[in-house]
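Student:
There are 2 protein chains.
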Amino acid sequence: MKKGGGRASIHDVASRAGVSAATVSKFLHGVQTIKPANVARIKVAINELDYRLDPLAADLRRSRRNIIGFIVPDLESEFFGALASRLEILAEEQGYSLSIASSHESEERELKLVERMNDWRVAGTILAPVRSERGLGAERMKEVGMDGVFVDRVQSDARYDTIGVDNARASAAVCRAFCDLGHRHVLLLGLGEVSRNVRLRINGFRDEAARICPDMRVDAIMGDGGVEDLRAKLGKCLDSGRPTAVYSLFQKGTHIALSEFRRRGIRCPEDISLIGFDDADWMQVTYPSVSAVAQPVEKLADSAFELLMERLNADKPVARMHLEDCRLVLRESISAVPDGRDVGKEKAT
Amino acid sequence: MKKGGGRASIHDVASRAGVSAATVSKFLHGVQTIKPANVARIKVAINELDYRLDPLAADLRRSRRNIIGFIVPDLESEFFGALASRLEILAEEQGYSLSIASSHESEERELKLVERMNDWRVAGTILAPVRSERGLGAERMKEVGMDGVFVDRVQSDARYDTIGVDNARASAAVCRAFCDLGHRHVLLLGLGEVSRNVRLRINGFRDEAARICPDMRVDAIMGDGGVEDLRAKLGKCLDSGRPTAVYSLFQKGTHIALSEFRRRGIRCPEDISLIGFDDADWMQVTYPSVSAVAQPVEKLADSAFELLMERLNADKPVARMHLEDCRLVLRESISAVPDGRDVGKEKAT
DNA sequence: ATGAAAGCGCTAACAC
DNA sequence: GTGTTAGCGCTTTCAT
Chain A
34 MKKGGGRASI
44 HDVASRAGVS
54 AATVSKFLHG
64 VQTIKPANVA
74 RIKVAINELD
84 YRLDPLAADL
94 RRSRRNIIGF
104 IVPDLESEFF
114 GALASRLEIL
124 AEEQGYSLSI
134 ASSHESEERE
144 LKLVERMNDW
154 RVAGTILAPV
164 RSERGLGAER
174 MKEVGMDGVF
184 VDRVQSDARY
194 DTIGVDNARA
204 SAAVCRAFCD
214 LGHRHVLLLG
224 LGEVSRNVRL
234 RINGFRDEAA
244 RICPDMRVDA
254 IMGDGGVEDL
264 RAKLGKCLDS
274 GRPTAVYSLF
284 QKGTHIALSE
294 FRRRGIRCPE
304 DISLIGFDDA
314 DWMQVTYPSV
324 SAVAQPVEKL
334 ADSAFELLME
344 RLNADKPVAR
354 MHLEDCRLVL
364 RESISAVPDG
374 RDVGKEKAT
Chain B
34 MKKGGGRASI
44 HDVASRAGVS
54 AATVSKFLHG
64 VQTIKPANVA
74 RIKVAINELD
84 YRLDPLAADL
94 RRSRRNIIGF
104 IVPDLESEFF
114 GALASRLEIL
124 AEEQGYSLSI
134 ASSHESEERE
144 LKLVERMNDW
154 RVAGTILAPV
164 RSERGLGAER
174 MKEVGMDGVF
184 VDRVQSDARY
194 DTIGVDNARA
204 SAAVCRAFCD
214 LGHRHVLLLG
224 LGEVSRNVRL
234 RINGFRDEAA
244 RICPDMRVDA
254 IMGDGGVEDL
264 RAKLGKCLDS
274 GRPTAVYSLF
284 QKGTHIALSE
294 FRRRGIRCPE
304 DISLIGFDDA
314 DWMQVTYPSV
324 SAVAQPVEKL
334 ADSAFELLME
344 RLNADKPVAR
354 MHLEDCRLVL
364 RESISAVPDG
374 RDVGKEKAT
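The listed protein sequences correspond, in order, to chains A and B. So the mapping is simple: the numbering used here equals the position in the first sequence, first residue as 1, plus 33. So the mapping is simple: the numbering used here equals the position in the second sequence, first residue as 1, plus 33.
1. So, is Ala-156/A buried or exposed, given that buried needs 16 or more other C-beta atoms within 10 angstroms?
2. Beta carbon of Ile-159/B, beta carbon of Phe-103/B: below 9 Å?
3. Applying the 10 Å Cβ sphere with the 16-neighbour rule, what's the burial state of Val-187/A?
4. Looking at chain A, is there any beta carbon in it that lies within less than 9 Å of the beta carbon of Glu-126/B?
5. Asp-240/B and Cys-359/B look like a contact to me (Cβ under 8 Å); what is the Cβ gap, rounded to whole Å?
6. Does the pairing of the region 129-142 of chain A with the region 164-172 of chain A give three or more beta-carbon distances under 8 Å?
7. Please go through the same chain and pick out, in chain order, the residues whose beta-carbon is closer than 6 Å to the beta-carbon of Met-255/B, but skip the five residues on each side of it.
8. Given a threshold of 16 other Cβ atoms within 10 Å of its Cβ, counted over all protein chains shown, does Lys-349/A qualify as buried or as exposed?
9. Quick check: the Cα distance between Glu-379/A and Asp-252/A, rounded to an integer number of angstroms?
10. Across the region 299-306 of chain A and the region 189-199 of chain A, are there enough close Cβ pairs to call them in contact, namely three or more that are closer than 8 Å?
11. Counting along the chain, where does the beta strand (DSSP E) carrying Ala-134/B start and finish?
12. For chain B, check one thing: does any of its Cβ atoms lie closer than 9 Å to the Cβ of Pro-88/A?
13. Within 10 angstroms of its Cβ, does Leu-221/A collect 16 or more other Cβ (buried), or is it exposed?
14. Does DSSP put Gly-309/A in a helix, in a strand, or in coil?
15. Tell me whether the region 118-135 of chain B and the region 59-70 of chain A touch, counting them as touching only if at least three CB pairs, one residue from each stretch, are closer than 8 Å.
16. Where Ala-117/B and Ser-136/B are concerned, what is the direct C-alpha to C-alpha distance, given to the nearest angstrom?
17. Considering only C-alpha positions, which residue in the set Gly-114/A, Glu-126/A, Arg-98/A and Ile-79/A is nearest to Glu-339/A?
18. Quick check on Val-105/B: buried or exposed, where buried means 16 or more other Cβ atoms within 10 Å of its Cβ?
19. The ligand PLP heavy atoms versus the CB of Thr-195/A: any closer than 8 Å?
20. Using 9 Å as the limit for Cβ to Cβ distance, is Gly-268/B near chain A?
21. Any beta-carbon of chain A closer than 9 Å to the one on Lys-36/B?
22. Rounding to the nearest angstrom, what Cα-Cα distance links Ala-206/B and Leu-363/B in this structure?
23. Just the Cα atoms here: how many angstroms apart are Leu-267/B and Phe-294/B?
24. Can you tell me the Cα-Cα spacing of Cys-208/B and Asp-311/B, whole angstroms?
25. Distance cutoff 9 Å, beta carbons only. Does Ala-134/A sit that close to anything in chain B?
26. Tell me the rounded alpha-carbon separation between Ala-381/A and Arg-250/A.
27. List the residues of chain A that Asn-151/B touches, going by C-beta distances under 8 Å, in chain order.
28. Thinking C-beta only, is Ala-278/B closer than 9 Å to Ile-235/B?
29. Out of curiosity, what's the CA-to-CA distance linking Pro-329/A and Ile-100/A?
30. Nearest to Gly-286/B by CA position, among Phe-113/B, Ala-337/B, Lys-175/B and Arg-264/B, is which residue?
31. Quick one, which residues of the region 89-100 of chain B are near chain A if we go by CB-CB under 8 Å, in chain order?
32. Nearest-angstrom Cα distance between Glu-172/A and Met-150/A?
33. Between Ser-324/B and chain A, is there a C-beta pair that is closer than 9 Å?
34. Is Asp-312/A close to chain B, meaning its C-beta is less than 9 Å from at least one C-beta of that chain?
35. Shortest alpha-carbon distance to Pro-88/A belongs to which of Gly-39/B, Val-147/B and Arg-154/B?
36. Would you say Tyr-129/B reaches chain A, if we count a Cβ-Cβ gap shorter than 9 Å as a contact?
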């Protein structure tokens with residue numbers, strides 16, 4: 034009989050069906066060697082009692098939770114939202130639930146969340162760190178030996194798989210696009226904090242410039258004091274010694290570039306070209322629509338999950354580094370340098 | 034002694050400290066009546082063993098999980114991301130963890146997720162339904178009597194609290210803005226599926242028009258066949274019998290409106306004015322920047338959580354309906370009707 | 001083919 | 001103050 038207040042337990046089902054809890058448990062797990070008569074009675078009992086297995090209690094007994102943890106720096110951005118979205122589906126396909134948590138761009142919080150995942154005894158943790166694979170959260174994962182992988186703001190690690198996009202390659206493509214259009218003075222727009230990825234983008238651009246377009250002048254400004262600082266610095270560059278092209282290294286920067294162009298009446302792409310890292314829907318609808326490096330969010334999620342699964346099933350996992358390729362989406366915001374102004378001035382050869 | 038493979042349990046700590054598990058449990062819960070000497074030894078043992086309480090095991094014993102479930106239709110939108118983000122903080126402040134899941138705009142999946150929350154025996158569930166408080170998920174919550182509240186795409190319910198924005202009021206404000214600028218022919222842009230909220234926005238606009246601006250012509254087109262259908266229909270309206278103002282009833286619609294204006298060389302706001310429901314960062318940076326109804330995301334989250342908490346602590350909870358006010362953000366996309374063209378034609382009085 | 005028993009890690013009476 | 005005991009809901013040998 035079902036006891037008073039609470040919900041039906043496996044024992045309630047068992048006694049109602051006239052079998053033992055063990056048999057019900059077997060039934061629930063698809064064991065085939067149960068007498069058909071009993072199967073039938075168990076089914077009836079389950080229906081009558083509205084019985085549902087408590088997965089957490091089952092996990093407790095099994096000493097392993099069917100949960101994958103996912104820690105993101107920020108849930109308000111479409112990028113991480115999409116990542117979470119996809120991982121959730123992948124996890125469920127494998128019988129896990131995904132536990133999503135946001136560190137709100139705080140390393141301290143990230144640490145707390147890693148610890149919570151560990152307390153929860155999750156099967157594995159996918160960490161998209163605030164800073165890098167050397168940040169507080171990642172380091173704690175190593176300390177306590179949690180199973181997991183690192184994604185997005187990471188390079189490579191001695192013990193964990195890392196999954197990221199090929200920042201350098203994408204930026205090289207941007208460089209080539211500008212170079213082909215005759216641009217010889219490009220401004221890179223970055224932010225101080227999100228260092229690693231942005232640094233790779235800068236270097237990727239610079240290296241390619243040195244290789245294929247040595248007479249290209251490449252300036253970079255970094256908003257060390259946040260986005261408003263960047264806005265101010267950009268304003269100065271636009272007012273004097275204006276470049277013919279801007280490569281924004283993060284989405285908000287693209288936003289800022291566009292609005293500063295407008296504020297000054299600088300026409301894009303006639304006066305200046307623009308490409309941004311990280312594509313977004315709205316970039317199709319601005320005037321001009323803006324060219325952007327699109328990150329392969331789904332592939333990132335797929336790879337991260339796949340590597341995690343392999344790792345969970347491996348005896349002695351090796352640390353791998355995985356880079357996904359980005360796609361350069363060309364829209365109206367770029368054009369050839371109109372006259373020889375900059376090209377002529379800089380062409381020394 | 035700590036046993037072989039696994040992690041230290043409360044018993045390991047107890048025996049190492051020379052006390053019983055019960056005492057350690059008390060210590061962990063801040064019971065003050067423990068002999069200082071024992072407190073000290075427990076602390077030492079915890080440190081030496083790196084002991085951490087398993088919250089799920091504790092919850093099991095307590096027969097109540099310290100988890101709040103949050104089900105969103107979609108994690109890739111900033112709106113729900115922000116909602117989740119805020120709820121996560123609120124939940125943790127009260128000692129819960131928030132379990133976030135996305136129904137991916139599918140009612141079937143929503144149903145599954147509600148059932149999972151129930152299986153998990155969460156303390157409460159915040160549901161942002163795909164359709165409404167009468168959708169699959171919500172109905173199941175009622176059936177099984179889960180504690181929770183409904184948020185965003187909801188009106189009112191007999192048994193659950195509902196928290197939403199005042200669509201009608203916001204739309205009335207939009208109507209007044211247009212009316213004051215002399216607009217007498219406005220086009221409303223909606224989508225078939227997201228019916229309830231959109232309907233309220235339409236009615237809110239229409240009612241206000243009837244009240245304060247009876248000579249205003251209000252047309253509405255609904256993309257029954259998805260966004261591309263809407264785009265096509267909008268195109269037709271713009272080509273013949275063009276209105277002087279457009280009120281888009283959802284964010285994607287604003288996007289579409291803007292791009293269709295551009296495609297046709299229709300100048301905004303000179304030729305046509307635009308206001309969109311649901312504000313976004315990118316609307317500041319388009320040309321023109323677009324006026325929008327901004328939804329109070331944080332307030333929504335705060336109210337939803339507060340009502341849930343009250344409900345969890347109430348003996349016989351009553352169902353309340355909560356509406357938050359939106360803010361109309363005016364930007365460049367609206368202006369007065371230039372000449373008497375439409376005004377003159379329609380003014381019958 | 002099934003059930004008894006032990007126990008996952010923890011808490012809560014209730015004795016002492 | 002502290003330990004004993006009895007579970008929370010489930011799984012898993014190991015007999016039978």
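Even for Gly, the Cβ is constructed at its ideal location relative to N, Cα and C.
Tutor: Judging by the given coordinates:
1. Taking a 10 Å sphere around the C-beta of Ala-156/A, we find 16 or more other C-beta atoms and assign the residue as buried.
2. Yes; because the gap between Cβ atoms is below 9 Å, this pair is in contact.
3. The residue in question, Val-187/A, is buried, as its Cβ has 16 or more Cβ neighbours within 10 Å.
4. Judged by the 9 Å Cβ criterion, Glu-126/B is not in contact with chain A.
5. Wrong, their Cβ atoms sit about 16 Å apart, outside the cutoff.
6. Segments in contact, yes.
7. Once the five neighbours on either side are set aside, the close Cβ partners of Met-255/B are Gly-223 and Gly-225.
8. Exposed, because fewer than 16 other Cβ atoms sit within 10 Å of the Cβ of Lys-349/A.
9. Per-residue confidence for Glu-379/A stands at a pLDDT of 39, beneath the threshold of 50, marking its modelled position as unreliable; the derived number appears in the next sentence. Our two residues, Glu-379/A and Asp-252/A, have alpha carbons roughly 14 Å apart in a direct line.
10. The region 299-306 of chain A makes no contact with the region 189-199 of chain A: fewer than 3 CB pairs, one atom from each, lie closer than 8 Å.
11. That run of the beta strand (DSSP E) goes 130-135.
12. Cβ-Cβ to chain B under 9 Å: yes for Pro-88/A.
13. Here Leu-221/A is buried. Its C-beta has 16 or more other C-beta atoms within 10 Å.
14. Correct three-state label for Gly-309/A: strand.
15. With the cut-off at 8 Å, the region 118-135 of chain B and the region 59-70 of chain A do not touch.
16. Near 14 Å, if we compare the C-alpha coordinates of Ser-136/B and Ala-117/B.
17. That would be Glu-126/A, whose Cα lies nearest to the Cα of Glu-339/A.
18. Val-105/B comes out buried.
19. In the structure shown, the ligand PLP is absent, as is every other ligand, since no ligand is present at all.
20. For Gly-268/B, the answer is no, since every Cβ of chain A falls outside 9 Å of its Cβ.
21. Only weak support exists for where Lys-36/B lies, its pLDDT of 42 falling under 50; the value from the coordinates is given anyway. With 9 Å as the cut-off, Lys-36/B does not count as an interface residue toward chain A.
22. About 11 Å.
23. So the alpha carbons of these two residues sit roughly 10 Å apart.
24. Between the alpha carbons of Cys-208/B and Asp-311/B lies a distance of about 16 Å.
25. At a cut-off of 9 Å between C-beta atoms, Ala-134/A counts as an interface residue with respect to chain B.
26. With a pLDDT of only 34 at Ala-381/A, under the threshold of 50, the placement of this residue in the model should not be trusted; the figure read from the coordinates follows. Between Ala-381/A and Arg-250/A, the C-alpha separation is close to 12 Å.
27. Ordered by position in chain A, the residues that pass the 8 Å Cβ test against Asn-151/B are Arg-85.
28. No.
29. The straight-line gap from Cα to Cα measures roughly 25 Å.
30. With distances taken between Cα atoms, Gly-286/B lies closest to Arg-264/B.
31. Against chain A - using a Cβ distance shorter than 8 Å - the residues of the region 89-100 of chain B are Leu-89, Ala-90, Asp-92, Leu-93, Ser-96 and Arg-98.
32. A direct Cα-Cα distance of roughly 14 Å separates Glu-172/A from Met-150/A.
33. For Ser-324/B, the answer is no, since every Cβ of chain A falls outside 9 Å of its Cβ.
34. Judged by the 9 Å Cβ criterion, Asp-312/A is not in contact with chain B.
35. Per the Cα distances, Arg-154/B.
36. Judged by the 9 Å Cβ criterion, Tyr-129/B is not in contact with chain A.
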